[in-house]
Amino acid sequence: MRPYSYVRADDVEGAIATLSGAPDAAFLAGGTNLVDLMKLGVETPEVLVDVRRLTSERVEDLEDGGLRIGAAVPNSVLAADRKVRTGYPVLSQALLAGASGQLRNVATTGGNLLQRTRCVYFYDTTTPCNKREPGSGCSAIEGHNKNHAILGGSEHCVATHPSDMAVAMAALDAFVNVRGPEGGRRIPIEDLHRLPGDGPQHDTVLEHGELITSVDLPPPGFLSNSKYRKVRERASYAFALVSVAAALDVQDGVVRDVRIALGGVAHKPWRATKAEEALRGEPAGEENFRAAADIELESAEPLQDNAFKVPLARNVITRTLLELSEGR
Amino acid sequence: MSTTERATGRAIGMPLDRIDGPQKVRGTAPYAYEHHVENPLYLFAVRSSIVRGRIVSMDVSRAQDVPGVVIVVTHENAPRMADTRDQELATLQSDRVDYRGQYVGAVIAETYEVARHAASLVEISYEEETHAAVLDPASDGLYAPEVVNAGFPTDTEKGDFDRSFSSAAVRLDETYTTPTEHNNPMEPHTTVAIWEGGNLTLYESTQGVHPVGRTVARVFGLDRNRVRVVAPYVGGGFGSKGLPHANTMLAVLAAQMVEGRPIKFALTRQQMFAGVGYRTPTVQRMRLAADEEGHLTAVGHDVIEQTARFKEFAEQTAVVSRMMYAAQSRRTTHRLAALDVPVPSWMRAPGEAPGMFALESAMDELAEACNLDPIEFRVRNEPEIDPESGLPYSSRNLVACLREGARRFGWEDRDPAPRTRQEGRWLMGTGVASATYPVFRMPGSRATIRYEGDGRYAVEIGAADIGTGTWTALTQISADALEVGVEDVDLRIGDTRLPYASVEGGSSGITAWGAAIFEAARVFRERHGEDPSEGDEVQARTPNNPDTENYAMHAFGAYFVETRVDADTGEVRVPRMTGVFAVGNVINPGTARSQFIGGMAMGLSMALHEESLVDGRFGHVVNQDLAEYHIPTNADVGEIDVSWIDEDDPYVNPMGSKGIGEIGIVGSAAAIANAVYHATGIRVRDLPITPDKILP
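Residue numbers (my numbering), protein chains in the order written: chain A, 1 to 328; chain B, 1001 to 1696.
The following block contains the structure:
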């Protein structure tokens, strides 16, 4: 681990100012991912600016009926929040499907969004990785890539985003509130994470010095009819092979509205807009659900080890929607 | 008639609570790294980033300049070893690189953090050579080793295999594979080394203090009695701490360079994926043939696996097919590819574990081809004598285990047709497989018994407890051997200052050490009677057991497994496992149950989870942590029902016991694979059974 200094800022402005003045500085919240990466030499910040106590640790009501989740709210607290469990079950379920009880107690909402990929080559400083060392090459494309992307990858990177929570938030059309040296901005979660393109070192659109302060959820509406299904190789404590966050509004047998987001398939939580469009106004039913999934997955470009993710994603989308349509 | 004197027993068979339990729960049982030493230094290894070649130069200046760094060790300044014949142990003795992740240097520093940081600053230039680090079963460079692990013959042939196989009514010819697997005990390999005044003390995480001490003495040219190794508590080994590896040698080298100051060296989890042993991948061609009535006529088991180019280890994968079932013809072979990889070693039932996955999967397939229930098929092929040696078994109760397991599990009305039971989206299936493990007896252990007055006896033997319950079991054995209460026994283990004890490996510990204790107790009573004086003492060694010449000695068992497989996702869950074992006398039902459950959980792990992914381009395991190298979580392990049948074996040892450390693993992966087939109709012959192998 590279030696570093640790700073605890007094407020958000101070933290941002400190970070802005130091190109090699990083924010520290729960540290459940950053500290691991520092031990391995993957992240080598010179300064850690502790923001754990600077942003809200509360889940608050918004005037429009939605919720504002403070960036410092621990994952375990958010998962247990009564309004989250009733209004947005997909979010609570996604949180509980991730990590372990101990990690969820420490990991924060803001930090969860900014988790880095679990690609084994990214974690291993002895192998090339464009995300870790731009221009060095991607070891995964020709290597072990069972856990990698089938959608939206590039010749530079095929990593996946590891968060479960972010997939649920993508399905919920959340907004991410950010403060930075130039002031604040409000980013639709769909726009927070990037596809790798030719700059896979950038996971998100956040600029150096920008700090997530909270996440807003829209009013629940039909989002209370939502669920999260995570497929993994063991029953707990594993990253998703494929996960599906979905919400469904069916009236008189017809799909009025639907949200589908996929995890484990792309560099970002993958909002399945094509499948959603294909379903709106159509009769709810297994055949249509499956057809919509196929439309979304048409653009899939599996790698050597992960072709199974295409039928897996199709099956899980279909089944999750079916269960939601049957009130299960 | 047995030539072994038997335990008359009061303590043996009692579910005595673990003697070391309270200390472990309170955190006061010291593991290697936790032994208090004054003024220690910390060691962090520098590892090769190439697979094969030589070091041209090393620039240690940046590392050396970090405040707190004491010495940067390289092959240029490392002390010379006395014996470098074992290339695995010849650490920093030359510029050669034989595998990726090999130690090519180390930093000794005042803190762990400084050592680790400085190690990352050592710059090395290499001259690289082409390498091969992935097993290719089609390679033309395969060779037959002289013997395989534990001294078994490489190949065997009985009867006319080719003719029997080709003329049989029912035949199976399939290839099964198991991947590279790493032992991964919870406690990483750790050494605290103190070199002072020509004496060396090691607090070591090991399965055998004496074997480590002797090896270190030989490698460093020290007199044996100048090397002390201490290991009272060990956080698991699973074979990876059975033989000393380069990490121990590196710690000793470092200690030699900073004479007088203790060196602390613990591997990171990532570092445990190179250089401390692992299970070779195996490619196993099974050819089984049977007549119309389901009697095996030919058993063929041809194994391809890997070893390191610089040192040979040949896993004895096919040995189970030599003794498990009756057949008029038989052929077994082992072939090796020598690769630029760390040397494979012992891991959780080496030989039996991968071999029985193939054999017991093939038996399930052939039973179906013969239209026989898989239990009935096995019963029909039960041998009367050991097919390999021609000797009678000291005891063989496989059939009893199968029958009792069937009763406990509820096998009776099983419909053999695959993919016919469903609960919601879960496809349900059940499977069975046999288990076996030989009764090994390592020679040479010695035990000392001394009367300490006041009714108390000291029993001393340098045995190891790697979490298995040795502290408790040997106390029970000592009590019965001396015919005193367990509270009257002061057991001392885990130190080379105690009499020599063989390694805790091959499930041989209790047999070897217990027999030594029984012998010592017999001699003690002979010399000192029932009313000894304080200080009366004898030492005795594990006697030879002449019955090993007259009987084949193996433990047996049977597993029954229920699996559910998600029809949409291919996720496999195992809600229920039943294991029934025939292992002679059970010393302690509590610790034994734990060992069986642990073994079966490891079998589940082998079946569904474990796989070290070697990237041939880089030559190392890339999923090198426990986030990516999966073992089961609590949520993956369902109900495990463990029991054993009454088995009286007068021949194995004075306790009448057979080793139980490994049999729980052997065959359990096959039982799961067989149940997955029954659930889905999909026969997975390549472990682990992951969703990608089940989804269309």
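Even for Gly, the Cβ is constructed at its ideal location relative to N, Cα and C. Treat the numbers as computed from the prediction; the structure is a model and nothing was measured.
Identify which residue in the options has its Cα closest to the Cα of residue i.
{"i": "Ile1517/B", "options": "Gly1424/B, Val1538/B, Ser1507/B, Phe1377/B", "result": "Val1538/B"}
{"i": "Leu303/A", "options": "Gly101/A, Lys227/A, Glu142/A", "result": "Glu142/A"}
{"i": "Asp1488/B", "options": "Met1272/B, Ala1251/B, Ile1304/B, Asp1454/B", "result": "Asp1454/B"}
{"i": "Gly1235/B", "options": "Gly1599/B, Leu1016/B, Ala1029/B", "result": "Ala1029/B"}
{"i": "Tyr1651/B", "options": "Val1666/B, Pro1546/B, Glu1196/B", "result": "Pro1546/B"}
{"i": "Tyr237/A", "options": "Arg58/A, Leu95/A, Val35/A", "result": "Leu95/A"}
{"i": "Arg1593/B", "options": "Gly1659/B, Asn1225/B, Asp1636/B", "result": "Gly1659/B"}
{"i": "Asn1242/B", "options": "Asp1162/B, Arg1425/B, Ala1349/B, Glu1113/B", "result": "Strictly speaking, residue 1242/B in this sequence is Gly, with Asn absent from that position. Of the listed residues, the one whose Cα sits closest to Gly1242/B is Ala1349/B."}
{"i": "Thr18/A", "options": "Thr86/A, Thr44/A, Asp50/A", "result": "Asp50/A"}
{"i": "Val1303/B", "options": "Leu1613/B, Gln1284/B, Leu1288/B, Val1320/B", "result": "Gln1284/B"}
{"i": "Val1343/B", "options": "Phe1044/B, Tyr1325/B, Thr1332/B, Ala1308/B", "result": "Ala1308/B"}
Residue i touches chain A at which residues, Cβ-Cβ below 9 Å?
{"i": "Leu1339/B", "result": "In chain order: nothing, as chain A lies at least about 18 Å away."}
{"i": "Arg1683/B", "result": "In chain order: nothing, as chain A lies at least about 17 Å away."}
Keeping to the same chain, check which residues put their C-beta closer than 7 Å to that of residue i; ignore five residues upstream and five downstream.
{"i": "Glu1639/B", "result": "Pro1575, Arg1576"}
Roughly how many angstroms separate the alpha carbons of residue i and residue j, rounded to a whole number?
{"i": "Arg179/A", "j": "Glu1315/B", "result": "60 Å"}
{"i": "Thr1511/B", "j": "Gly110/A", "result": "57 Å"}
{"i": "Gly152/A", "j": "Leu1626/B", "result": "28 Å"}
{"i": "Ile1493/B", "j": "Asp1020/B", "result": "12 Å"}
{"i": "Met1602/B", "j": "Arg132/A", "result": "35 Å"}
{"i": "Leu1089/B", "j": "Gly1151/B", "result": "21 Å"}
{"i": "Leu1474/B", "j": "Thr1578/B", "result": "28 Å"}
{"i": "His148/A", "j": "Gly1221/B", "result": "51 Å"}
{"i": "Ala1119/B", "j": "Val1229/B", "result": "27 Å"}
{"i": "Ser1002/B", "j": "Asp1648/B", "result": "Its pLDDT being 46, under 50, Ser1002/B is placed unreliably by the model, and the measurement read from it follows with that caveat. Taking the straight line from one Cα to the other gives about 12 Å."}
{"i": "Leu1250/B", "j": "Val1212/B", "result": "13 Å"}
{"i": "Asn1634/B", "j": "Pro1443/B", "result": "38 Å"}
{"i": "Thr1004/B", "j": "Pro1438/B", "result": "For Thr1004/B, the pLDDT reaches just 49, beneath the cut-off of 50, and the residue's location in the model is therefore unreliable, although a value from the coordinates is still provided. Cα to Cα, Thr1004/B sits roughly 18 Å from Pro1438/B."}
{"i": "Val1070/B", "j": "Leu1359/B", "result": "54 Å"}
{"i": "Arg186/A", "j": "Gln102/A", "result": "31 Å"}
{"i": "Tyr1112/B", "j": "Ala313/A", "result": "45 Å"}
{"i": "Val1209/B", "j": "Met1553/B", "result": "27 Å"}
{"i": "Glu1376/B", "j": "Met1014/B", "result": "35 Å"}
Using a Cβ-Cβ cutoff of less than 6 Å, which residues in the same chain neighbour residue i once the five nearest sequence positions on both sides are dropped?
{"i": "Thr1470/B", "result": "Ala1463"}
Within the 9 Å Cβ cut-off, does residue i reach chain A?
{"i": "Gly1221/B", "result": "no"}
{"i": "Val1700/B", "result": "The question about residue 1700/B has no answer here: the residues shown for chain B are numbered 1001 through 1696."}
{"i": "Asp1136/B", "result": "no"}
{"i": "Asp1495/B", "result": "no"}
{"i": "Glu1181/B", "result": "no"}
Just the chain B side, please: which residues come within less than 7 Å of residue i by C-beta, in chain order?
{"i": "Ala238/A", "result": "His1630"}
{"i": "Asn315/A", "result": "Asp1568, Thr1569"}
{"i": "Tyr121/A", "result": "Val1622"}
{"i": "Leu241/A", "result": "Pro1691"}
For a contact defined as C-beta to C-beta under 8 Å, what are the partners of residue i on chain A?
{"i": "His1036/B", "result": "Ordered by position in chain A, no residue passes the 8 Å Cβ test against His1036/B, which lies about 25 Å from the chain."}
{"i": "Ala1349/B", "result": "Per Cβ cutoff of 8 Å: no residues; Ala1349/B is ~22 Å from chain A at best."}
Give me the chain B residues within the contact set of residue i, using Cβ-Cβ distance strictly less than 8 Å, ordered along the chain.
{"i": "Phe308/A", "result": "Gly1570, Pro1691, Asp1692, Leu1695"}
{"i": "Pro311/A", "result": "Leu1695, Pro1696"}
{"i": "Leu303/A", "result": "Here the premise fails: no neighbours, minimum Cβ distance about 12 Å."}
{"i": "Gly41/A", "result": "Ser1120"}
{"i": "Arg319/A", "result": "Arg1425, Asp1568"}
Name the chain A residues whose beta carbon is nearer than 7 Å to that of residue i?
{"i": "Arg1116/B", "result": "Met1"}
{"i": "Ser1049/B", "result": "Thr126"}
{"i": "Leu1613/B", "result": "His144"}
Along chain B, which residues have their Cβ under 9 Å away from the Cβ of residue i?
{"i": "Gly137/A", "result": "Those do not exist, as Gly137/A stays about 11 Å from chain B at its closest Cβ, beyond 9 Å."}
{"i": "Val231/A", "result": "Asp1566, Asp1568, Thr1569, Gly1570, Glu1571, Pro1691"}
Can you check whether the C-beta of residue i is within less than 9 Å of a C-beta belonging to chain B?
{"i": "Asp32/A", "result": "The sequence shown places Thr at residue 32/A, not Asp. It does not: the Cβ of Thr32/A has no partner Cβ on chain B nearer than 9 Å."}
{"i": "Arg234/A", "result": "yes"}
{"i": "Leu324/A", "result": "no"}
{"i": "Arg118/A", "result": "yes"}
{"i": "Val265/A", "result": "no"}
So, is the C-beta of residue i closer than 9 Å to a C-beta in chain E?
{"i": "Thr1307/B", "result": "In the structure shown, chain E cannot be found, because the protein chains are A and B."}
Cutting at 8 Å between CB atoms, please list the residues of its own chain near residue i, excluding the five before and the five after it.
{"i": "Asn1756/B", "result": "Residue 1756/B lies beyond the range of chain B shown here (1001 to 1696); nothing can be said about it."}
{"i": "Glu1412/B", "result": "Ala1406"}
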